[in-house]
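This report concerns only the one structure given below.
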Amino acid sequence: MPFSVNQPTRRRPKRPPALTAILLLLAILNLFGLYLGLSRRGDFFTQYPKFTPALWQIYATSPLISLAALIALWFWRKWGFWLVCVSAAVVMAIEFYTAAWSAHILRVPAALALLALFLRPVWPELD
4 MPFSVNQPTR RRPKRPPALT AILLLLAILN LFGLYLGLSR RGDFFTQYPK
54 FTPALWQIYA TSPLISLAAL IALWFWRKWG FWLVCVSAAV VMAIEFYTAA
104 WSAHILRVPA ALALLALFLR PVWPELD
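Just so you know, we're using my numbering here: the sequence shown kicks off at 4 and counts up by one.
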């Protein structure tokens, strides 16, 4: 059905400042993680012998997937949250398998918890 002037439009709620801050912070951190991962690729293979090229490709694309998910959340898409969760779980699983875990073991669950906390008030408004 085409849009007409008589149809009511759905107004988006005002994005809470804390949600805006966490989305921007997570985007910046993912960009930084992507940069570090690509600039230190060789170190991963020597430091963590279980890292295979296939695992590396999955690991290196996870920040891009997370960025896409954060953009989806910016545009009020509920699936963005679930995609962030899946991406985080994949990264943590790869780090456990390769024994390459770092502060991710604490940062990733904390970031997901904060994101969920700040999304909670607007969750019903997400598409």
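We put the beta carbon where it would ideally sit given N, CA and C, even for glycine.
Hey, out of 117, 56 and 119, whose CA is closest to residue 101's CA? 56
Start and end of the alpha helix (DSSP H) containing residue 56? 56-77
Taking one C-beta from the region 87-96 and one from the region 39-47 each time, how about it: are there three or more such pairs within less than 8 Å? no
Within this structure, are the beta carbons of residue 120 and residue 26 separated by less than 9 Å? no
Using a 10 Å radius around the Cβ and a threshold of 16 neighbouring Cβ atoms, would you call residue 38 buried or exposed? exposed
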